[in-house]
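The structure appears right after this line, and notes come after that.
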Amino acid sequence: MNENHPRYFAAQNTTKGFYSYFTEIFDPDRLSRIFIIKGGPGTGKSGIMRSVAALAEEAGEKVERYYCSSDPNSLDGIILPESGSAILDGTSPHTRDPIYPGAVDRIINTGAYWDISALMKHKSEILSLIREGKRQYKRAYGFLNAAGEILLEMQRIASKNLNVEKIDEQIRRLGNKIFQNKEEGLQTIRAISTFNSSGLSRQPGSINSSKKVWLIRDAYNIAPIFLEKLSQYAQSEKQSFIYCPSCLYPDKPDALFFSHSGAAFIPECDEYTDLIKGKEIHILNMHRFISEGEIRSNRQKMKFGKRCVDSLFIGATEAFSEAADTHAKLEKIYTSAMDFTGVNLEIRKIVQEILR
Numbered sequence: 223m224n225e226n227h228p229r230y231f232a233a234q235n236t237t238k239g240f241y242s243y244f245t246e247i248f249d250p251d252r253l254s255r256i257f258i259i260k261g262g263p264g265t266g267k268s269g270i271m272r273s274v275a276a277l278a279e280e281a282g283e284k285v286e287r288y289y290c291s292s293d294p295n296s297l298d299g300i301i302l303p304e305s306g307s308a309i310l311d312g313t314s315p316h317t318r319d320p321i322y323p324g325a326v327d328r329i330i331n332t333g334a335y336w337d338i339s340a341l342m343k344h345k346s347e348i349l350s351l352i353r354e355g356k357r358q359y360k361r362a363y364g365f366l367n368a369a370g371e372i373l374l375e376m377q378r379i380a381s382k383n384l385n386v387e388k389i390d391e392q393i394r395r396l397g398n399k400i401f402q403n404k405e406e407g408l409q410t411i412r413a414i415s416t417f418n419s420s421g422l423s424r425q426p427g428s429i430n431s432s433k434k435v436w437l438i439r440d441a442y443n444i445a446p447i448f449l450e451k452l453s454q455y456a457q458s459e460k461q462s463f464i465y466c467p468s469c470l471y472p473d474k475p476d477a478l479f480f481s482h483s484g485a486a487f488i489p490e491c492d493e494y495t496d497l498i499k500g501k502e503i504h505i506l507n508m509h510r511f512i513s514e515g516e517i518r519s520n521r522q523k524m525k526f527g528k529r530c531v532d533s534l535f536i537g538a539t540e541a542f543s544e545a546a547d548t549h550a551k552l553e554k555i556y557t558s559a560m561d562f563t564g565v566n567l568e569i570r571k572i573v574q575e576i577l578r
């Protein structure tokens, strides 16, 4: 895998539930060929995408990878921008059917290689596991929703005496440094954060291709407000950028990428430490925009809120972990009933068409 190629999530598990970005990412009006894979868990959908991505990179093609919001080791889709081709998982919870059947969209049915008689022997177990997985996800989203309400209250307290003028001035200075002339003014939505069995999980997005990185240091949940104002200013200045929705505050960003100027605004976190080595680094401390007196007078509330949120995140992580174990059991059943010789033939067909 080429580490410099973009990596995102195709959807998010958030404090407001499940958010899918398949419509924005796999747009049939922008892509020339879309292969939609249908089939159950463990039937080789992610494997098809990994194989095609690796072969495309060997042939010198750029590959954008979009990972599963619940399993960052599994692909939900890939895009080969130079050929305008995409492959995606078209099954629940982000079910996708052809929009332009045949002309753009084609279906790959890995279910065609099932041994139905073998699956029928496990019918009651399959039904039980699917129902149990739904209950586990519902419980995880319950924990996240409760955490989200507390986070919003903490943000409200911290921003009560927010110095908006100071934020606006900082954003204007940043615009003078990074905004480019003759931009198209396009805002592209891509996700780099989600919750899953590992807790809050991140992908690098376009960090590797960025030259200048602004690390956002944020102890009081002010960054989403700052980044939203920066994105609005960028839109008013007709700038093109990638808007990465936050899984904590889904209606606001937690990262922005300005590809033309090579500028990235990302959270300061351990996951990105190695990725930003050798780049031009700037620190944006959100503390400077908050009234110190407001923080001091509400310090105990903020500490209590953080403890509550941390506990709720642990509950969500455990529920997602249980759901992952349930999914693994389902995958084992379906994998044992698969003829992967047929799946490998599908891989060869796709590669021949895309890379010919």
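In this text, residue positions in the sequence shown follow my numbering: the first is 223, and each later residue adds one. For glycine and all other residues, C-beta sits at the position ideal for the given N, C-alpha and C.
Q: Hey, could you find the ends of the alpha helix (DSSP H) Thr-563 is sitting in?
A: First-last of the alpha helix (DSSP H) with Thr-563: 562-577.
(Q) On the criterion of 16 or more Cβ atoms from any shown chain inside 10 Å, does Ile-338 qualify as buried, or is it exposed? (A) exposed
Q. Per DSSP, which one or two residues make a beta bridge with His-504?
A. Trp-436
Q) What's the call for Lys-345, buried or exposed, on a 16-neighbour Cβ count within 10 Å? A) exposed
Q) Going by DSSP, what residues sit across from Asp-311 in a beta bridge? A) Ile-259
Q. Which residue from Trp-336, Ser-415 and Met-223 puts its Cα closest to that of Val-274?
A. Met-223
Q) What span of residues does the alpha helix (DSSP H) with Cys-530 cover, start to end? A) Boundaries of the alpha helix (DSSP H) harbouring Cys-530: 521-558, taken from the DSSP string.
Q: Answer yes or no: do Gly-397 and Ile-414 have a C-beta to C-beta separation smaller than 8 Å?
A: no
Q. If you count every other CB in all the chains shown that lies within 10 Å of the CB of Glu-568, and 16 or more means buried, which is it?
A. Result: buried.
Q.
Which residue wins for smallest C-alpha separation from Asn-295, given the options Glu-283, Gly-282, Asp-476 and Lys-267?
A. Lys-267
Q. In whole angstroms, what is the alpha-carbon distance linking Gln-234 and Asn-418?
A. 9 Å
Q. Thinking C-alpha only, which one of Ile-258, Thr-495 and Glu-406 is nearest Phe-248?
A. Out of Ile-258, Thr-495 and Glu-406, Ile-258 has the C-alpha closest to the C-alpha of Phe-248.
Q | Cβ-Cβ distance between Glu-286 and His-227 below 8 Å | A | It is a contact, given that the beta carbons lie within the stated cut-off.
Q: Spatial neighbours of Pro-475 within its chain, please: CB distance less than 8 Å, with the 5 preceding and 5 following residues excluded, ordered by chain position.
A: Pro-446, Leu-449, Glu-450, Ser-453, Tyr-465, Cys-466, Pro-467 and Ser-468
(Q) Since Leu-366 and Thr-548 should fall inside the 8 Å C-beta cutoff, what is the C-beta to C-beta distance between them, to a whole number of angstroms? (A) Not a contact, Cβ separation roughly 18 Å.
Q: Starting from Gly-264, follow its DSSP beta bridges and name the residues at the other end.
A: According to DSSP, which records beta bridges pairwise, Gly-264 is partnered with nothing at all.
Q) Taking 7 Å as the line, does the beta carbon of Ile-512 fall inside it for any heavy atom of the ligand COA? A) This structure lacks the ligand COA, and indeed carries no ligand of any kind.
Q) Assuming Gly-264 contacts Thr-563 under a Cβ cut-off of 8 Å, what Cβ separation, rounded to an integer in Å, is found between them? A) With a Cβ gap of about 16 Å, Gly-264 and Thr-563 do not count as contacting.
Q: Rounded to whole angstroms, what's the CA-CA distance from Arg-574 to Tyr-494? Just pull it up for me.
A: One detail in the question is off: residue 574 reads as Gln in this sequence, not Arg. Per the coordinates, the alpha-carbon of Gln-574 lies some 36 Å from the alpha-carbon of Tyr-494.
Q | Residues that Ser-305 bridges to, as DSSP identifies them | A | DSSP lists no partner for Ser-305.
Q: Spatial neighbours of Phe-542 within its chain, please: CB distance less than 6 Å, with the 5 preceding and 5 following residues excluded, ordered by chain position.
A: Ala-362, Asn-418 and Ser-419.
Q | Coarse secondary structure for Gln-392, derived from DSSP in three states | A | helix
Q: State whether the segment 435-442 contacts the segment 502-514, with contact taken as three or more CB pairs (one from each stretch) at a distance under 8 Å.
A: Under the 8 Å Cβ criterion, the segment 435-442 counts as touching the segment 502-514, having at least three qualifying pairs.
**Q.** Neighbourhood of Phe-479 by C-beta distance below 7 Å, restricted to the same chain and skipping five residues each side
**A.** Sequence-distant partners of Phe-479 (beyond 5 residues in either direction) whose C-beta falls short of 7 Å from its own C-beta, in its chain, are Gly-427, Ser-428, Ser-432, Phe-463, Ile-464 and Ala-486.
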